[in-house]
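Asker:
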Amino acid sequence: MRTTRWTRTAAAAAAAALTLTACSGGDDETGTSEGPVELRMVTWTPNEAHLAILNEIADEFVAAHPDEVSSVAIETTPAGENYRTVVTTQISGGDAPDVGWLSEVDALDFIDLDGLVDLGPTVRDDEAYAFDDLTPSAMELWSDGDAVYGIPFSTSPAGVFYNADMFAAAGLPTPDQMLADGTWTWENLAVAAKAISDSQQVAGFYIAPYLNFDQNWQFLSHVTYAYGGAPWNEDGTECTFDDAGNVDALTLLHDMIYTDGSYPTPGEVVDFAAGNAAMVDTFISMANTLESAPFQWGLVPLPSGPETSDGQTAVIGQSAVVAFAEGDHPDLAAEFVAFMTNEENSRKLSEFFPSIRTPLIDVDTLAAANPVLTPEQLQSVVVDGITHGRLAPTHAGMGDIQTEGRIGLESLWQPDADVQTALTGVCDRIGPLLAE
Amino acid sequence: MTQLTDVRAAAPGGSSGPPARKPWLTQPRRELIAGYLFTSPQVIGYFAVVVVPMVALFWYSFQEFSALSGRSEFAGTENYQRLLDDPNLPTVLRSTGIFVIGLVALGVPLALFLAVLVNQRIRGIRVFRAIFFAPALVSVAAWVIVWQFMLLPDGAVNGLLRMISVDGPNWLREPVPAMVCVIVVQALKGVGINMLIFLAALQGVPKELTEAARVDGAGRLRTFRSVTLPMISPEILMVTILMTIGSLKVFAQVLLLTEGGPGYETTVLAYYIYRQAFGNGDFGYAGALSVLLFLVLVVLTGVMWVARKRVVFHESE
Chain A
1 MRTTRWTRTA
11 AAAAAAALTL
21 TACSGGDDET
31 GTSEGPVELR
41 MVTWTPNEAH
51 LAILNEIADE
61 FVAAHPDEVS
71 SVAIETTPAG
81 ENYRTVVTTQ
91 ISGGDAPDVG
101 WLSEVDALDF
111 IDLDGLVDLG
121 PTVRDDEAYA
131 FDDLTPSAME
141 LWSDGDAVYG
151 IPFSTSPAGV
161 FYNADMFAAA
171 GLPTPDQMLA
181 DGTWTWENLA
191 VAAKAISDSQ
201 QVAGFYIAPY
211 LNFDQNWQFL
221 SHVTYAYGGA
231 PWNEDGTECT
241 FDDAGNVDAL
251 TLLHDMIYTD
261 GSYPTPGEVV
271 DFAAGNAAMV
281 DTFISMANTL
291 ESAPFQWGLV
301 PLPSGPETSD
311 GQTAVIGQSA
321 VVAFAEGDHP
331 DLAAEFVAFM
341 TNEENSRKLS
351 EFFPSIRTPL
361 IDVDTLAAAN
371 PVLTPEQLQS
381 VVVDGITHGR
391 LAPTHAGMGD
401 IQTEGRIGLE
411 SLWQPDADVQ
421 TALTGVCDRI
431 GPLLAE
Chain B
1 MTQLTDVRAA
11 APGGSSGPPA
21 RKPWLTQPRR
31 ELIAGYLFTS
41 PQVIGYFAVV
51 VVPMVALFWY
61 SFQEFSALSG
71 RSEFAGTENY
81 QRLLDDPNLP
91 TVLRSTGIFV
101 IGLVALGVPL
111 ALFLAVLVNQ
121 RIRGIRVFRA
131 IFFAPALVSV
141 AAWVIVWQFM
151 LLPDGAVNGL
161 LRMISVDGPN
171 WLREPVPAMV
181 CVIVVQALKG
191 VGINMLIFLA
201 ALQGVPKELT
211 EAARVDGAGR
221 LRTFRSVTLP
231 MISPEILMVT
241 ILMTIGSLKV
251 FAQVLLLTEG
261 GPGYETTVLA
271 YYIYRQAFGN
281 GDFGYAGALS
291 VLLFLVLVVL
301 TGVMWVARKR
311 VVFHESE
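As structure tokens, this is what we get:
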């Protein structure tokens with residue numbers, strides 16, 4: 001009797017497990033053969049206006065493909081690491097979304113592991129899509145030969161916002177004036193930051209995406225690129241974090257923090273929009289938060305450095321629309337990505353996100369999305385930035401590399417750190433990961 | 001009941017014909033089925049959220065799993081080999097050990113001390129009990145985020161220290177202070193529940209025993225050490241076991257307070273598993289680490305259970 005009972009229990013357990021496994025799988029590789037299907041798209045925007053446009057585009061896609069697609073469900077997951085976690089968990093759980101947004105940090109990981117659908121055949125062969133309108137430099141990360149793994153829908157250059165009232169109070173030329181005079185360099189930024197910090201007891205300058213000295217150290221490239229520094233060589237196989245360009249650039253930042261006291265120390269909280277910092281290096285979307293700022297402000301491109309060539313200092317951040325290879329309907333997903341990023345829909349999206357389509361990279365189009373920026377700011381920061389900007393460094397296996405880099409850099413952000421030694425320590429940590 | 005009567009009436013005995021076939025659905029079977037049906041929601045739930053994930057975990061640990069592409073292939077013992085080769089794992093295990101020992105060493109005496117303090121029959125004592133218990137009711141995220149603000153370089157803690165002319169450290173960015181903060185924040189969060197367990201135990205100690213000790217000339221401290229402590233030793237053991245197991249599973253506090261830093265100094269095993277699985281998408285290695293954590297928990301619990309005979313009053317009899 002006892003054996004029978006155990007047998008029954010085990011059978012019930014196996015049945016439950018099989019049922020659960022079956023439920024979690026849910027792969028329907030047949031695609032459109034069984035009638036219209038539902039596509040799932042994941043994004044990180046909670047903004048209702050963004051979602052309204054995405055839904056409008058989705059509805060138009062459904063209307064254009066009534067026999068293949070019944071609906072497109074658009075799901076929002078908060079940005080940052082949580083977004084990647086949710087997407088990867090869905091993929092590994094057999095419930096991959098069909099389409100989604102992807103930031104440049106994650107691009108190479110997904111491409112390297114065949115996680116994305118090649119959109120090349122869908123977008124290159126369609127004349128109406130006008131693939132050649134996409135700015136080649138902005139497509140570099142997402143292309144490999146003829147293969148296309150994502151279409152950037154948002155390309156945002158970084159710039160320096162400054163508090164004009166603080167510069168006036170300190171009697172200093174503003175960054176705009178320095179830019180006009182040809183003296184807008186990182187050294188002069190540091191001098192101005194110290195002068196304002198000393199006289200007005202505020203932070204002189206900070207890099208907003210790296211305020212917490214956390215995983216996002218790739219944004220140090222805003223400074224290091226100007227000194228010819230990059231964390232690894234061009235093919236990404238060797239660490240170059242300890243070369244002279246990086247040492248010079250990060251010595252400047254280290255001195256600002258621990259000698260000048262003009263840059264917030266790790267853990268300090270400052271906010272340019274709240275009026276407690278003279279300058280901030282961040283993406284142009286900050287302009288929207290400054291609409292009602294109680295101070296005069298300006299925006300200039302990133303400063304130049306000894307290795308800046310042709311005056312181009314721009315560093316850009318990118319987000320692309322991709323089709324996930326593990327989604328149930330990869331072909332339809334590729335078509336939806338192409339539809340969402342065609343010229344007409346790119347124009348709609350450019351109301352919020354700077355596009356990489358050449359006809360849309362002009363001051364008039366961008367002014368609609370950024371009404372608080374002047375035509376001069378749009379030209380010098382946004383148009384030039386999208387056209388000539390470099391991406392912040394990224395690499396396959398970026399999650400591990402970011403963690404080890406953060407830990408390595410902890411020894412740099414100490415008052416008595418030797419910059420060269422600390423950066424050699426960073427290479428000791430990330431070097432083996434680059435070689436893998 | 002009607003059916004029961006019918007079944008009995010149809011039973012063989014009075015009839016001279018061939019014996020009637022016994023119905024399959026007898027009363028004991030009926031009760032058995034009813035029992036299974038009543039317990040099935042719990043059993044199915046247990047299988048769905050405990051057994052299946054545990055089996056899957058072992059399966060993952062033998063796979064090379066690419067979370068980004070959703071594909072996996074059998075990797076043999078490769079992930080377990082990585083446990084031996086991982087240069088960060090010794091630091092993680094050391095941090096985990098320090099955290100567990102620190103939390104138990106601080107949490108158990110603190111809870112017992114507070115329980116003794118509030119085990120008084122004085123006016124307004126319930127207010128103090130409520131105050132000490134309150135952190136247990138606050139969500140972990142809210143509790144940790146408030147502490148994070150207080151522990152910033154220019155936060156409330158260093159502000160208080162400055163009032164007595166002490167320059168506080170950068171609490172969450174320096175190795176030793178960061179670990180101290182993680183331990184203290186977690187200990188204060190959980191102290192209320194443990195205090196209540198000890199309070200109930202203290203109130204269950206027979207008064208005649210303590211009074212007899214007093215009559216024999218024992219002072220307060222001696223009475224506590226020789227009478228009260230042995231009487232509540234089962235609860236002390238239980239709290240110690242629960243706290244040890246709980247501390248090995250701490251994750252959200254580390255994520256929100258220090259993100260495992262500086263270096264790997266506050267990266268406890270549960271947080272390291274999270275980083276491997278969801279930060280790096282390496283579910284295979286995360287599975288092997290989880291099996292390691294499972295074994296550590298089993299061994300520790302076993303050791304404490306065996307040790308109870310030595311430390312718990314009456315257990316050796």
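Protein chains in written order, with full-length UniProt numbering: chain A, 1 to 436; chain B, 1 to 317. The C-beta atom is built at its ideal place from N, Cα and C for all residues, glycine as well. Only a predicted model underlies this, so the values are computations on that prediction, with no experimental measurement involved.
How is the beta strand (DSSP E) around residue 467/A delimited, first residue to last?
Answerer: No answer is possible for residue 467/A: the residues shown for chain A start at 1 and end at 436.
Asker: Expressed to the nearest angstrom, what Euclidean distance is found between the alpha-carbon atoms of A249/A and V127/B?
Answerer: 57 Å
Asker: Between which two residues does the beta strand (DSSP E) holding P157/A run?
Answerer: I151 to N163
Asker: Cutting at 8 Å between CB atoms, please list the residues of its own chain near S197/A, excluding the five before and the five after it.
Answerer: Only A203, G204, D260, G261, S262 and A278 meet the Cβ criterion.
Asker: Specify the secondary structure class of D118/A as computed by DSSP and reduced to three states.
Answerer: coil
Asker: When the cut-off is 8 Å and only beta carbons count, does T365/A lie next to chain B?
Answerer: no
Asker: Identify, in the order they occur along the chain, each residue of the same chain with its Cβ nearer than 6 Å to the Cβ of V180/B, setting aside the five sequence neighbours on each side.
Answerer: none
Asker: Around the C-beta of A145/B, are 16 or more other C-beta atoms found within 10 angstroms, so that it is buried, or is it exposed?
Answerer: According to the sequence displayed, residue 145/B carries Ile and not Ala. Counting Cβ neighbours within 10 Å, I145/B comes out exposed, since fewer than 16 surround it.
Asker: Which term fits P46/A, buried or exposed, when burial requires 16 or more other beta carbons within 10 angstroms of its beta carbon?
Answerer: With fewer than 16 other Cβ atoms inside 10 Å of its own Cβ, P46/A counts as exposed.
Asker: Does DSSP put G399/A in a helix, in a strand, or in coil?
Answerer: The answer is helix: DSSP assigns G399/A an H, G or I state.
Asker: Taking the continuous beta strand (DSSP E) assigned at L39/A, which residues delimit it?
Answerer: V37 to T43
Asker: To the nearest angstrom, report how far apart L412/A and G204/B are at their CA atoms.
Answerer: 57 Å
Asker: Per DSSP, what are the beta-bridge partners of residue 514/A in this structure?
Answerer: The first residue shown for chain A is 1 and the last is 436, placing residue 514/A beyond what the model contains.
Asker: Which bits of chain A does A67/B rub up against, with CB to CB less than 8 Å?
Answerer: T88, T89, I91 and S92
Asker: What number of angstroms, rounded off, separates the C-alpha of D281/A from the C-alpha of M256/A?
Answerer: 14 Å
Asker: Taking Cβ to Cβ, would you say F153/A is nearer than 8 Å to L349/A?
Answerer: yes
Asker: Just by C-beta distance, which residues in the region 261-289 of chain A are closer than 7 Å to chain B?
Answerer: Along the region 261-289 of chain A, going in chain order, the ones with a CB nearer than 7 Å to a CB of chain B are T265, P266, G267, E268 and V269.
Asker: When Cβ atoms are compared, which residues of the region 309-327 of chain A fall closer than 8 Å to chain B?
Answerer: A325 and E326
Asker: Within the same chain, show all residues whose beta-carbon is closer than 7 Å to that of T358/A, passing over the 5 residues directly before and after it, in chain order.
Answerer: D133 and T135
Asker: Is any beta-carbon of chain B found at less than 8 Å from that of G25/A?
Answerer: The predicted model places G25/A with a pLDDT of 39, which falls under 50 and marks its position as unreliable; any figure quoted below should be read in that light. Not closer than 8 Å to any Cβ of chain B, the Cβ of G25/A fails to qualify, so no.
Asker: Kindly provide the ranges of any beta strand (DSSP E) runs that are 3 or more residues long and lie completely inside the region 278-361 of chain A, ordered along the chain.
Answerer: 297-301 and 315-323
Asker: Would you identify the three-state DSSP class for I257/A, choosing helix, strand or coil?
Answerer: helix
Asker: Can you have a look at W232/A and say buried or exposed, based on whether 16 or more other CB atoms are within 10 angstroms of its CB?
Answerer: buried
Asker: Taking a Cβ distance cut-off of 8 Å, strictly less, list which residues of the region 107-120 of chain A are near chain B, in chain order.
Answerer: Listed in sequence order: D109, F110, L113, D114 and G115.
Asker: Compare the C-alpha of G76/B against each of Q186/B, G192/B, F58/B and V92/B and name the closest.
Answerer: F58/B
Asker: Taking only the alpha-carbon atoms, compute the straight-line gap between A195/A and T76/A and give it to the nearest angstrom.
Answerer: The straight-line gap separating the alpha-carbon atoms of A195/A and T76/A is approximately 44 Å.
Asker: Output yes or no for whether 8 Å exceeds the beta carbon distance between L188/B and T228/B.
Answerer: no
Asker: Decide if W305/B is buried, meaning its Cβ has at least 16 other Cβ atoms within 10 Å, or exposed.
Answerer: Counting Cβ neighbours within 10 Å, W305/B comes out exposed, since fewer than 16 surround it.
Asker: Based on Cα-Cα distance, which residue from L151/B, L112/B and I122/B lies nearest to F132/B?
Answerer: From the listed residues L151/B, L112/B and I122/B, the smallest Cα separation to F132/B is found for L112/B.
Asker: Tell me F74/B's beta-bridge partners as DSSP assigns them.
Answerer: Q63/B
Asker: Could you name the residues of chain A that L152/B contacts, counting a contact when the two beta carbons are closer than 9 Å?
Answerer: Under the 9 Å cutoff, chain A gives G267, E268 and V269.
Asker: Using only CA atoms, which one of G35/A, L220/A, L102/A and T421/A lies nearest to D67/A?
Answerer: G35/A
Asker: Less than 6 Å between C-beta atoms, sequence neighbours within five positions excluded: which residues of the same chain meet that for E60/A?
Answerer: Cβ neighbours of E60/A beyond the five flanking positions: none.
Asker: Would you decide whether P97/A is buried or exposed? Buried here means 16 or more other CB atoms lie within 10 Å of its CB.
Answerer: buried
Asker: Going by other Cβ atoms of all chains shown within 10 Å of its Cβ, with 16 needed for buried, is N288/A buried or exposed?
Answerer: exposed
Asker: Use the C-beta contact count for F47/B: other C-beta atoms within 10 angstroms, 16 or more gives buried, fewer gives exposed.
Answerer: buried
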